[in-house]
Structures are given as structure tokens and as C-alpha cells.
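Student: Mind looking over this structure? Questions follow.
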Amino acid sequence: MKQILIIADGIVAKHFLQRISETFISTNEYTIIALDRSIMPEKLPSNFVTYQFDPTSYIKLSKLLKRDFDDIFIIMKNRVDAEGTYQNIRRDDPVTRITFFNRWDIEFGEDHLFNDDNLININANELIANRLYDFLPNVPVIAQNVGLGQGEIMEVLVPFGSAYVYRHIGTIIQNQWRIVALYRGNQLLLSKPSLMIKPNDLLLLVGKPSVLESVFKAIKQELGQFPAPFGENLYLYIDMVYENSRCILNCIEQMQYLHKRIKGRKLIIRVTNPTDAQLLETIKSLDSETVDCVVDFQNRDPKAVIAEDIEQYNIGLIVCGQDIFNDLRYRQIFYSLRKPVLQFSQISLMQLKKLVLILSDEKSMEVISATVFDVASQLNLDIELLDYEPDSDFEKKRFILNHYENLSNIFSKNMNVRQENRNPIRELFHEEPFLQILPFTDKILQNRLFSYFSTDVEKLYFKLSYNPQLFVPVDVE
Numbered sequence: 056m057k058q059i060l061i062i063a064d065g066i067v068a069k070h071f072l073q074r075i076s077e078t079f080i081s082t083n084e085y086t087i088i089a090l091d092r093s094i095m096p097e098k099l100p101s102n103f104v105t106y107q108f109d110p111t112s113y114i115k116l117s118k119l120l121k122r123d124f125d126d127i128f129i130i131m132k133n134r135v136d137a138e139g140t141y142q143n144i145r146r147d148d149p150v151t152r153i154t155f156f157n158r159w160d161i162e163f164g165e166d167h168l169f170n171d172d173n174l175i176n177i178n179a180n181e182l183i184a185n186r187l188y189d190f191l192p193n194v195p196v197i198a199q200n201v202g203l204g205q206g207e208i209m210e211v212l213v214p215f216g217s218a219y220v221y222r223h224i225g226t227i228i229q230n231q232w233r234i235v236a237l238y239r240g241n242q243l244l245l246s247k248p249s250l251m252i253k254p255n256d257l258l259l260l261v262g263k264p265s266v267l268e269s270v271f272k273a274i275k276q277e278l279g280q281f282p283a284p285f286g287e288n289l290y291l292y293i294d295m296v297y298e299n300s301r302c303i304l305n306c307i308e309q310m311q312y313l314h315k316r317i318k319g320r321k322l323i324i325r326v327t328n329p330t331d332a333q334l335l336e337t338i339k340s341l342d343s344e345t346v347d348c349v350v351d352f353q354n355r356d357p358k359a360v361i362a363e364d365i366e367q368y369n370i371g372l373i374v375c376g377q378d379i380f381n382d383l384r385y386r387q388i389f390y391s392l393r394k395p396v397l398q399f400s401q402i403s404l405m406q407l408k409k410l411v412l413i414l415s416d417e418k419s420m421e422v423i424s425a426t427v428f429d430v431a432s433q434l435n436l437d438i439e440l441l442d443y444e445p446d447s448d449f450e451k452k453r454f455i456l457n458h459y460e461n462l463s464n465i466f467s468k469n470m471n472v473r474q475e476n477r478n479p480i481r482e483l484f485h486e487e488p489f490l491q492i493l494p495f496t497d498k499i500l501q502n503r504l505f506s507y508f509s510t511d512v513e514k515l516y517f518k519l520s521y522n523p524q525l526f527v528p529v530d531v532e
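For what it's worth, the numbering used here labels the leading residue of the sequence shown as 56, then goes sequentially.
Following this line, the structure appears as C-alpha cells:
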């Protein structure tokens, strides 16, 4: 049985005692000290013991404090009375936890009124302000009194036209956050991969606060969040053994352009196997508040180096040159990390006018759709969808085409749909440079020699690798 002392006075205390009396908890026993008897509930539960006296009187209060209490609550309407009562308690009892109702913005800490590790300060003004803020339109609602109360639990209303509408939860990459449930009407639906999100659903999200902020903006139709929700920062990986100096300089030039277009994020440049001192100095000269150059002189295993960097720097996009991505070992490392990977080519990002997506598996296309529109928006590229059907049965992909057309309208982004019954790789080969986006599946890991005999355009990705290519993970953990 928990023994709880409540020192009560005023309208807030009255409502608090009424709430306790209505939610009977048999494992708690309450001792109530009230200045005014009228604040007590009309019907007192059997676990209430009441007293009426002035708790600022040390002599009277000290007699009652001879009993052992597990928790003490001070809820009073007068500041002087509240402070005096607290000081009377601490004269005899320095350790029992006190919950102090603070409506006067009293500051706590070493240089202020109290320095007490066993004191919980409930600032009434902050609570009311936070609650009022929750009713503003287009702001995230976060749990104030659950968990850490730092924004790791959030409610988000899904508006009509959101990029998340009519998407299955299982197709949404959730890295450092989760959709744990949703409210539809007056019904709670627990999250499962097959559950589809609909307009006006209220999503219950749990995750890292900074990530949830980006997720909130993405749900509320704001582009410009990529590489979120995969992470926050950009990462250029350079290996001087695998890459020649011309390739490295080309990557650095394009990376600087990309970093400017994808604003507000840090760039990490990781250099391994440094063999060219002059080139290394050129790279290190880029160090600034928004660029960190880190060098590995120990010839460590690339998998360990990259995995540590991903975790330490909260990387959302990995960038590398063609020579790196051509190596199967590196492709396997990148695939295991479940992060988007941008492969640079000799064709510069600055030359590009459009983004190309060859439609394939519906689930994969749904997973990467938000990334397609976000990247196209930030790089100011038009979107071209290529629907390849050898038998010209283009109705097969009608659902996913409708999904992309919906997003095109939401984000007011130009999108051209091409329907072809001819080899799409051959059709694209002679066209102007473009950025190709592909789902990052295990097809990308297959031996190229065997892929030559395949008709799967994803397995033949390397035939278009003279253009920059962005590989977006689709496996949901």
C-alpha cells in the first residue's frame, strides 16, 4: 500500500481530489490536509484520511510527518503558503519525493529557490501553454506526460492529398521511428504491414524527436526533407586505392553542388587509403562548419568504417563514385545498411534536366514514390515514368500510376508517363542525360555476367550507369 500525502488548497486542488475520488486505486492510501473543507469531494472514498489545519504551521505538520509517506503533493493557491509548506516538510524529511504545483514560474536549481533532486516541478503555465499550442492547425501534437515528454511520441492527422494517403504501412520505410497505431473514426487500429492509411487517419508515431519532425512535414505535404527519414546528413565515401584522382575530383565537385541543393544538412567526407598527399590536402581544405573531412589512415575494413560513420553521423544518403559502386563488395556493404546510395558518373548533376523511373514491382514503386518527388523537387528535375510492357497491357500498373499521378498533383510537379513495348534501356540509351532512381533490392547485387541474359531492367541497371543513379532501399525492417 502506497502512502500519499496531499496538501491541498484552491480550485486546482479541488479538481485533483475529485479526479482521485472518481478513479479509485485500491493500492493507494491518501492523507489529505486541506485549509478549506469545501474543496473535498462530497463522497469520500474509504482510502481517504482527511485533516483540516494550516500546513504552514511547522508544529502541526511535523506531528503528521512522523508517519512514513511514499509521495507528497503540494497543490496550493498561495505562493507564500506553498513555499512555507515545502520548507516545513524538508526540515524533517529531505528525501521523500515532493510533487510541487508551480503556478508562479518559480525557478528551481542551485542558484534559485530550491536545490532538490527529489522535487518534481509541475509548471502550470507551461502545461496550459503547451495544451493551447496543440490546438493550432498544422503543428505536431506531442505527448507531454508520457515517456520523456521530449517529442518522441507524436500524433499526426493525415490530410487529403498527403503523400502517405492510400499507402500500406508495410511499404513505408521507418528508420528510427515507427507507426505504432492509427485512429480511424472512434476506432483504434494497431499497426500491421497490410493496413492502408486513409485521409483523416490520426497516426500515432514513436521515434527520435528530430526524425519525427521531418516525418510530420512529409505527411503534411512538405517537400525538401530528403534524406529524411533515412537520416539527416550526407556522406561521400572516397577510397584512393579504388578511384583515380580525376574520378575523386569529379565526385567532390558534384558533391558540393548536391550539398547546396539539399540545404540545411551536414556533409561528411570519409577518405580511406590516402595515397595522394596533394589530393588529400585539397579535400581537407573543404572542412567548415557544414563539412567534416575524416581520414582513415589505418586501412581498416570498409564495412566497419562505413557502419560506424552511419551511426555516429546519422547519415541519410551515401554517395560514391562509379568505381566504388562497381565493386560487388561495396554494393553488398551499402545494401546491408538500408540507406539510399547515389552513384555519381562522369555526367554531372548540374547537366541534368529530368529524373527517370522505370516502373517495376508495385510494392517497390510505392515505397520509393515519396523519395522520387522529394529528390526531383530539390534538384529541380522533371519526372518521367517509363511503363514497359512487352505485350502492351498497360492496365497492369494502373494502381501504381494512379498513385504517382496523385502525388504529382499534390506536389504540383511535372510528370510525363511513357508507355513502351520496346526495350526501355535501348530507348533511354540515346536520350539526354538523366538521374535514374531504382529500388535497392538484392537484384543489384547479382553478378553482371549472368544479368546480361536477363530481361529484368533492374538487373541490367549498369547499362544505364553512365548517368547518375540513386538506389533507394525498399526492404522494411
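Glycine is no exception: its CB is placed at the ideal position from the N, C-alpha and C atoms. Treat the numbers as computed from the prediction; the structure is a model and nothing was measured.
Locate the beta strand (DSSP E) running through N157, then write down its first and last residues.
Tutor: The residue you call residue 157 lines up with position 102 of the sequence shown. Run containing N157: 152 to 157, per the beta strand (DSSP E) assignment.
Student: Straight-line CA distance for I161 to P149?
Tutor: Working through the sequence shown from its first residue, we reach residue 161 at position 106. Working through the sequence shown from its first residue, we reach residue 149 at position 94. Cα-Cα distance, rounded: 20 Å.
Student: According to DSSP, which residues form a beta bridge with D347?
Tutor: Residue mapping note: residue 347 aligns to position 292 of the sequence shown, counting from 1. Note: D347 sits in a beta bridge opposite I323.
Student: Looking at the unbroken beta strand (DSSP E) that takes in N180, where does it start and where does it end?
Tutor: Taking the sequence shown and counting its residues from 1, the one referred to as residue 180 is at position 125. Per DSSP, N180 belongs to no beta strand (DSSP E); it is in the alpha helix (DSSP H), 179 to 189.
Student: Within a Cβ cutoff of 6 Å, which residues of the same chain sit near M207, ignoring the five residues on either side of it in sequence?
Tutor: Locating residue 207 in the sequence shown gives position 152, where the first residue counts as 1. At residue 207 the sequence reads Glu, which differs from the Met that was named. Around E207: P264.
Student: Would K514 and Q524 be called neighbours here (beta carbons separated by less than 8 Å)?
Tutor: In the sequence shown, counting from the first residue as 1, residue 514 sits at position 459. In the sequence shown, counting from the first residue as 1, residue 524 sits at position 469. No, they are not a contact pair.
Student: From what residue to what residue does the alpha helix (DSSP H) around V411 run?
Tutor: Mapped onto the sequence shown, residue 411 falls at position 356. Segment 409 to 413 is the beta strand (DSSP E) holding V411; no alpha helix (DSSP H) there.
Student: Which value, in whole angstroms, describes the spacing of the CA atoms of H167 and I177?
Tutor: Numbered from its first residue, the sequence shown carries residue 167 at position 112. Numbered from its first residue, the sequence shown carries residue 177 at position 122. Legend: pLDDT at H167 = 46, less than 50; position of this residue unreliable, value from coordinates given subsequently. In a straight line, the C-alpha of H167 is about 16 Å away from that of I177.
Student: Considering I370, what are the terminal residues of the beta strand (DSSP E) in which it resides?
Tutor: Along the sequence shown, one-based indexing puts residue 370 at 315. Looking at the DSSP string, the run of the beta strand (DSSP E) that includes I370 is 370 to 375.
Student: For the pair the stretch 451 to 461 and the stretch 398 to 410, tell me if three or more CB-CB distances fall below 8 Å.
Tutor: Contact fails: fewer than three Cβ-Cβ distances are below 8 Å.
Student: Give the single residue among T82, I227, Y113 whose Cα lies nearest to the Cα of V527.
Tutor: Taking the first residue of the sequence shown as position 1, residue 527 is located at position 472. Out of T82, I227, Y113, I227 has the C-alpha closest to the C-alpha of V527.
Student: Just the Cα atoms here: how many angstroms apart are L116 and L182?
Tutor: Position 61 of the sequence shown, counting from 1, holds the residue named residue 116. Position 127 of the sequence shown, counting from 1, holds the residue named residue 182. Going from the Cα of L116 to the Cα of L182 covers about 30 Å.
Student: If I follow the unbroken beta strand (DSSP E) through G262, where does it start and stop?
Tutor: In the sequence shown, counting from the first residue as 1, residue 262 sits at position 207. G262 -> beta strand (DSSP E) spans 257 to 262.
Student: Drop a sphere of 10 angstroms on the beta-carbon of V325, count the other beta-carbons inside from all chains shown, and report buried for 16 or more, exposed for fewer.
Tutor: Residue 325 sits at position 270 when you count from the first residue of the sequence shown. At residue 325 the sequence reads Arg, which differs from the Val that was named. R325 is buried by the Cβ-count criterion.
Student: Can you look up V67 in the DSSP assignment and give me helix, strand or coil?
Tutor: Reading the sequence shown from its first residue, position 12 is the one you call residue 67. V67: helix per DSSP, three-state reduction.
Student: Per DSSP, what are the beta-bridge partners of V527 in this structure?
Tutor: As a working mapping, residue 527 is identified with position 472 in the sequence shown. DSSP lists P494 as partners of V527.
Student: Taking the beta carbon of M310 as the centre, do at least 16 other beta carbons fall within 10 Å, making it buried, or is it exposed?
Tutor: In the sequence shown, residue 310 corresponds to position 255, counting from 1. Buried, since its Cβ has 16 or more Cβ neighbours within 10 Å.
Student: Buried or exposed: which applies to G534, given that a residue is buried once 16 or more other Cβ atoms fall within 10 Å of its Cβ?
Tutor: What the structure shows of the chain is the stretch from 56 to 532, and residue 534 is not part of that stretch, so it cannot be assessed.
Student: Tell me which residue opens and which closes the beta strand (DSSP E) that F128 is part of.
Tutor: Residue 128 sits at position 73 when you count from the first residue of the sequence shown. Element bounds for F128: 126 to 130.
Student: At what residues does the alpha helix (DSSP H) containing F389 begin and finish?
Tutor: Along the sequence shown, read from residue 1 onward, the residue named residue 389 stands at position 334. That run of the alpha helix (DSSP H) goes 383 to 392.
Student: Quick one, are the C-beta atoms of A283 and S300 less than 8 Å apart?
Tutor: Within the sequence shown, residue 283 is the residue found at index 228, counting from 1. Within the sequence shown, residue 300 is the residue found at index 245, counting from 1. Not a contact, by the Cβ cut-off of 8 Å.
Student: Check whether the Cβ atoms of K518 and I480 sit closer than 8 Å, and answer yes or no.
Tutor: Taking the first residue of the sequence shown as position 1, residue 518 is located at position 463. Taking the first residue of the sequence shown as position 1, residue 480 is located at position 425. Yes, Cβ-Cβ distance for K518 and I480 is below 8 Å.
Student: Between the stretch 417 to 434 and the stretch 384 to 391, are three or more C-beta pairs nearer than 8 Å?
Tutor: The answer is no - the stretch 384 to 391 does not touch the stretch 417 to 434, with fewer than three Cβ pairs under 8 Å.
Student: Thinking C-alpha only, which one of P254, L304, A198, I361 is nearest H333?
Tutor: Here residue 333 is taken as the residue at index 278 of the sequence shown, counted from 1. It is Gln, not His, that sits at residue 333 in the sequence shown. Checking every option, the nearest Cα to that of Q333 belongs to L304.
Student: By how many angstroms is the C-alpha of I197 removed from the C-alpha of Y188?
Tutor: The residue given as residue 188 occupies position 133 in the sequence shown. The residue given as residue 197 occupies position 142 in the sequence shown. The straight-line gap from Cα to Cα measures roughly 10 Å.
Student: Taking just the CA atoms, how far does K121 sit from E165?
Tutor: Within the sequence shown, the letter at position 110 stands for residue 165. Within the sequence shown, the letter at position 66 stands for residue 121. Caution applies to E165, whose pLDDT of 47 falls short of 50 and renders its modelled position unreliable; the model cannot decide the point.
Student: Do you know offhand how far L397's Cα is from T327's?
Tutor: Here residue 397 refers to the residue found at position 342 when the sequence shown is read from its first residue. Here residue 327 refers to the residue found at position 272 when the sequence shown is read from its first residue. Distance between the alpha carbons of L397 and T327 is about 18 Å.
Student: Please tell me whether F281 and Y390 are closer than 8 Å, where the distance is taken between their beta carbons.
Tutor: Position 226 of the sequence shown, counting from 1, holds the residue named residue 281. Position 335 of the sequence shown, counting from 1, holds the residue named residue 390. Cβ atoms of F281 and Y390: not closer than 8 Å.
Student: In or out: Y521 buried (at least 16 other Cβ within 10 Å) or exposed?
Tutor: Position 466 of the sequence shown, counting from 1, holds the residue named residue 521. With fewer than 16 other Cβ atoms within 10 Å, it is exposed.
Student: Name the two residues that bound the continuous beta strand (DSSP E) containing M470.
Tutor: On the sequence shown, position 415 is the one that residue 470 refers to. Here the beta strand (DSSP E) through M470 covers 470 to 475.
Student: Give the DSSP-derived three-state secondary structure of M405 in the structure shown.
Tutor: For the purposes of this step, residue 405 is taken as residue 350 along the sequence shown, with counting starting at 1. In this structure, M405 counts as helix in the three-state DSSP scheme.
Student: If D429 sits next to L278, beta carbons under 8 Å apart, how far is it from one beta carbon to the other, in whole angstroms?
Tutor: To locate residue 429, count along the sequence shown from 1; it is residue 374. To locate residue 278, count along the sequence shown from 1; it is residue 223. D429 to L278, Cβ: 5 Å. Contact.
Student: Leaving out the 5 sequence neighbours to the left and right, which residues in its chain are closer than 7 Å to V220 when beta-carbon positions are compared?
Tutor: By 1-based counting over the sequence shown, the position of residue 220 is 165. Closer than 7 Å at the Cβ level, and outside the excluded window around V220, lie V213, I252, K253, P254.
Student: Return the first residue and the last residue of the alpha helix (DSSP H) that F517 is part of.
Tutor: The sequence position of residue 517 within the sequence shown is 462, counting from 1. Note, F517: premise wrong, no alpha helix (DSSP H); not H, not E.
Student: What three-state label does DSSP hand F103 in the structure shown?
Tutor: Translated into the one-based positions of the sequence shown, residue 103 becomes position 48. F103: strand per DSSP, three-state reduction.
Student: Using DSSP with H/G/I as helix, E/B as strand and the rest coil, what is P231?
Tutor: The residue labelled residue 231 in the question sits at position 176 within the sequence shown. Note on identity: in this sequence residue 231 is Gln, with Pro being the wrong assignment. Three-state result, Q231: coil.
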